[in-house]
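One structure is given here, and the rest of the page talks about it.
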Amino acid sequence: MPPKKRGVRPPTLGEAMRARQAEMKARVEKMRLRFVEPILARFPRILPTKPDSAAKYAIVSSLVWFTVGLLMALLLAVKLVFPRLLAPFPWMSFGRLAAAEAAVMTWGALFTGFVGAMFAIVPRTTGTKLWSERIGAQTIMLHDQVVLAGVVLLLIGRTQGIGGLELPWPIDILIVNVMLMVMQNVVATIVRRRERTLAPPLWYFLAAVIVMPVTYAFGNLAAPWYFGVNQQIVSGFALAGTAAGITMLGVGTAYYVLPKATGQPIYSERVALVGFWSFVFAAPWIGQIQSIFGPSQDYLETTAIAFAGWLLIPALCVFVNFWGTLRDAWDKAISEPAVKFVVGGSLFLLFATVLIGVGSLRSMQDVVGLTPWGIATETALAGGLGFFLVAFIYHQFPKMIGRALHSTLLATRQFWIQTIGLLTVVVSMSIAGVVQGDVQISGLKSAAPVSLGNRWEIITEAVRPYFIIRIAGGALVAFGFFILITNLIRTVTLGADADVELPVIESEPEPVAVPA
Amino acid sequence: MSPFRSERGAAGPGAIAGGTILCLLVAFFVTVLLPITDSANRDAANGKPHTYDQVALNGRSLYIREGCFECHTQQVRNTFSDSGLGPAPSEAGLYKNEAPNLIGVIRFGPDLTCFGDRAGEPAAIVRHLRNPEAVHHDSTMPHYSYLTTKELQALAAYLLRLRCKEG
Numbered sequence: 001m002p003p004k005k006r007g008v009r010p011p012t013l014g015e016a017m018r019a020r021q022a023e024m025k026a027r028v029e030k031m032r033l034r035f036v037e038p039i040l041a042r043f044p045r046i047l048p049t050k051p052d053s054a055a056k057y058a059i060v061s062s063l064v065w066f067t068v069g070l071l072m073a074l075l076l077a078v079k080l081v082f083p084r085l086l087a088p089f090p091w092m093s094f095g096r097l098a099a100a101e102a103a104v105m106t107w108g109a110l111f112t113g114f115v116g117a118m119f120a121i122v123p124r125t126t127g128t129k130l131w132s133e134r135i136g137a138q139t140i141m142l143h144d145q146v147v148l149a150g151v152v153l154l155l156i157g158r159t160q161g162i163g164g165l166e167l168p169w170p171i172d173i174l175i176v177n178v179m180l181m182v183m184q185n186v187v188a189t190i191v192r193r194r195e196r197t198l199a200p201p202l203w204y205f206l207a208a209v210i211v212m213p214v215t216y217a218f219g220n221l222a223a224p225w226y227f228g229v230n231q232q233i234v235s236g237f238a239l240a241g242t243a244a245g246i247t248m249l250g251v252g253t254a255y256y257v258l259p260k261a262t263g264q265p266i267y268s269e270r271v272a273l274v275g276f277w278s279f280v281f282a283a284p285w286i287g288q289i290q291s292i293f294g295p296s297q298d299y300l301e302t303t304a305i306a307f308a309g310w311l312l313i314p315a316l317c318v319f320v321n322f323w324g325t326l327r328d329a330w331d332k333a334i335s336e337p338a339v340k341f342v343v344g345g346s347l348f349l350l351f352a353t354v355l356i357g358v359g360s361l362r363s364m365q366d367v368v369g370l371t372p373w374g375i376a377t378e379t380a381l382a383g384g385l386g387f388f389l390v391a392f393i394y395h396q397f398p399k400m401i402g403r404a405l406h407s408t409l410l411a412t413r414q415f416w417i418q419t420i421g422l423l424t425v426v427v428s429m430s431i432a433g434v435v436q437g438d439v440q441i442s443g444l445k446s447a448a449p450v451s452l453g454n455r456w457e458i459i460t461e462a463v464r465p466y467f468i469i470r471i472a473g474g475a476l477v478a479f480g481f482f483i484l485i486t487n488l489i490r491t492v493t494l495g496a497d498a499d500v501e502l503p504v505i506e507s508e509p510e511p512v513a514v515p516a
Numbered sequence: 001m002s003p004f005r006s007e008r009g010a011a012g013p014g015a016i017a018g019g020t021i022l023c024l025l026v027a028f029f030v031t032v033l034l035p036i037t038d039s040a041n042r043d044a045a046n047g048k049p050h051t052y053d054q055v056a057l058n059g060r061s062l063y064i065r066e067g068c069f070e071c072h073t074q075q076v077r078n079t080f081s082d083s084g085l086g087p088a089p090s091e092a093g094l095y096k097n098e099a100p101n102l103i104g105v106i107r108f109g110p111d112l113t114c115f116g117d118r119a120g121e122p123a124a125i126v127r128h129l130r131n132p133e134a135v136h137h138d139s140t141m142p143h144y145s146y147l148t149t150k151e152l153q154a155l156a157a158y159l160l161r162l163r164c165k166e167g
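From first to last, the protein sequence lines are chains G and Z. With the working numbering, letter number 163 in the first sequence gets 163, and the count goes up by one each step, no holes. With the working numbering, letter number 93 in the second sequence gets 93, and the count goes up by one each step, no holes.
Here it is in structure tokens:
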């Protein structure tokens, strides 16, 4: 055997393979730069590379869907009082429109908007670029088409027939695909972060992008395969997970907007941590609050009720943290529209939590179960999250396009109009729920129960005033939203020039030790 | 200084992702896996399921297509306020062959679990579906005059099959 030479040794198999891989990677990269990039660069609008492009696309889509959704909600509210309105059109029938409205509000307005918020906030809190602006923008374009297709399918009557999960399965698969694309973008950005520690918004975003695809994919694709009560259990898990995911996106957005808009640090990171984990733990358990006293197992109802009450803990943590952050900066609540909307949103979030927790107690369910009380809960939750989204738009959108906000006064008017409108809807619907339940109970004394078909009119007459009041509230909310649209359009066209605020990219590309 | 720079790292991405997945798994195990593998929900369930013929099944798919389940429930809850709606609270066996189950989550209209027990002639149901306000003056139900007579008859046949009493 020849003696070994010192210093020079032949590469091991692993080293050789790694060298070969690096060489191949360099060649692929070279070919990509030479052949692919010029083609991609020809389409700067649909394949943008500038920072914040994906976020801008998402915000604009969300605003459009929000307008459509609020008009649909208003139409539904009117149809419950005047059923003759648009009665000859099958695709405007109440049952189909209700499913389509829920899909537009959940997937079109809130989900798209919060994905846009994530695409803007994740780079800003990690100090790095978004993993791929092109894929981000493509995600939003795909998602818009998917929601549009879903709404059309629901309006022509193609429904899965499960309350809350009406979208048919091809649309479900595409929505899960969109969620996975978002997850890839967010997780890859967080992995490449320059800040060592994660800020509170990132906890919520990371948890949301994991919870949503898992629960939605399982619940939606599995539910049609189960029968009866089992289907209710499976779909309840999906509904709880989806609602939890969207709530986490909203709270995460607010956790970014509030410190940025006030310039104050978060009141307590420990309180934020308690709120975060208590929410992540409890939220997937509450799927069965839709069937208290129902045919499923009793212990499911008990755990759902217990954890619905538990949700007060995270809601109070968010509330304490936000108001604590503001303790030396309440003047900002007057000067900054974003702060105003975060404060209002935190109140509506607390309101929704109280309605969920109190309304799911068994003694309350006897009265308000299966009544419009559920609409009050949904409206308070969607209103709170919508306020967080509007706060983000007021804070970030003018900075993204390099303009100053056109009018703070209009924003203040929008805030009060929408707050009064939402409160009207929430309060009137919770009263309607109690009235409906009480009329049903008092009717038990008579020979034929009121809740049976022939005498249902008594309940209709009893709750009609509250449904009329709700139309007024819904109209105020929609009107407030048009003020927002006007304000943003004027910001784009007439707003004073200001600096574009881009994500701060820290230049030194040192690798970050990712804790396991 | 960024308002987010915390002194102590509160949680890393691995801890958050792992903890979230763990929480989901626990919730999935207790609230989904345990109950759906319980035979009390399916094979050994109490309660008699509704039976349908072909016309009634067509009516059932129309009931789903028109979104009737958005306003009408098909469950008699095991509680005082629902005690007049049927002879007994609905049990899991009632739904064991139903997918989707059409249990419903809100009542803008009356419960339909035992509608067949109290309904009149099919022709009266069809008339009601065409123009609810002609039958009940204050009804807020949508008008299904855009459905064909055959479709309305199928829907009526389905509704008449929703019986709780024997015979």
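Backbone N, C-alpha and C fix where the C-beta goes; we use that ideal spot for every residue, glycine too.
Closer than 8 Å, Cβ to Cβ, to anything on chain Z: give me those residues from the segment 66–96 of chain G, in chain order.
Lys79, Leu80, Val81, Pro83, Arg84, Ala87, Pro88, Phe89, Pro90, Ser93, Phe94, Gly95, Arg96
Assign Z:Pro13 to one of three DSSP states: helix, strand, or coil.
helix
For a quick check, are the C-beta atoms of Z:Ser215 and G:Leu444 less than 9 Å apart?
Residue 215 of chain Z lies beyond the residue range present for chain Z, which begins at 1 and ends at 167; the question has no answer from this structure.
Going by C-alpha distance, which of G:Gly228, G:Val122, G:His395, G:Lys129 is nearest Z:Lys48?
G:Gly228
Identify the residues that DSSP records as bridge partners of G:Arg522: which are they?
What is shown of chain G runs 1 to 516, which leaves residue 522 of chain G out entirely.
Boundaries (first-last residue) of the alpha helix (DSSP H) holding G:Asn230
Counting along the chain, G:Asn230 sits inside the alpha helix (DSSP H) bounded by residues 228–262.
For G:Gln21 and G:Pro11, the rounded distance between their alpha carbons:
14 Å
Is G:Met141 helix, strand or coil when you go by DSSP?
helix
Inter-residue Cα distance where the pair is G:Thr125 and G:Val81:
48 Å
Can you tell me where the alpha helix (DSSP H) holding G:Leu53 begins and where it ends?
As written in the sequence, residue 53 of chain G is Ser, which differs from the Leu given in the question. 53–79 is the extent of the alpha helix (DSSP H) around G:Ser53.
Contact set for G:Phe217: own chain, Cβ-Cβ below 7 Å, skip 5 residues either direction:
One point to set straight first is that residue 217 of chain G is Ala, not Phe, in the sequence displayed. Here the set comprises Val176.
Do you know offhand how far G:Glu508's Cα is from G:Pro213's?
Its pLDDT being 49, under 50, G:Glu508 is placed unreliably by the model, and nothing is read from it.
Using a Cβ-Cβ distance under 9 Å, would G:Met118 count as near chain Z?
no
Run the CB neighbour count on G:Trp131, radius 10 Å, all protein chains shown included, and call it buried at 16 or more, exposed below.
G:Trp131 should be labelled buried.
Given this structure, state the Cα-to-Cα distance separating G:Met72 from G:Ser93, to the nearest angstrom.
12 Å
Cutting at 6 Å between CB atoms, please list the residues of its own chain near G:Val147, excluding the five before and the five after it.
Cβ contact annotation for G:Val147 (same chain, cutoff 6 Å, sequence separation greater than five): Trp107, Gly108, in chain order.
What do you get for G:Ile375, buried or exposed, if any count of 16 or more other CB atoms within 10 angstroms of its CB means buried?
buried
Per DSSP, what kind of secondary structure is G:Met183 in: helix, strand or coil?
helix
Coil, strand or helix - G:Tyr394 by DSSP
helix
Assuming G:Leu521 contacts G:Gly386 under a Cβ cut-off of 8 Å, what Cβ separation, rounded to an integer in Å, is found between them?
Here chain G covers residues 1 to 516 and nothing more, so residue 521 of chain G does not appear.
Look at the alpha carbon of G:Gln138 and the alpha carbon of G:Thr159, and state the distance between them as a whole number of angstroms.
27 Å
Starting from the C-beta of Z:Ala123, find all residues in its chain whose C-beta is less than 6 Å away, skip the five residues before and the five after it, and write them out in chain order.
none
Helix, strand or coil, according to DSSP, for G:Glu195 in the structure here?
G:Glu195 falls in the coil class under three-state DSSP.
So with Cβ pairs under 9 Å, would you call G:Gln396 a contact of chain Z?
no
CA nearest to the CA of Z:Thr20, picked from G:Leu86, G:Tyr267, G:Ile417, G:Ile210
G:Ile210
Taking the alpha helix (DSSP H) that G:Trp323 falls in, what are its first and last residues?
312–325 is the span of the alpha helix (DSSP H), which, as asked, contains G:Trp323.
Using a Cβ-Cβ cut-off of 9 Å, state whether Z:Tyr144 counts as contacting chain G.
yes
If you reduce the DSSP assignment to three classes, tell me which class G:Asp172 lands in.
helix
Buried or exposed for G:Pro200, please, with buried defined as at least 16 other CB atoms from any protein chain shown within 10 angstroms of its CB.
buried
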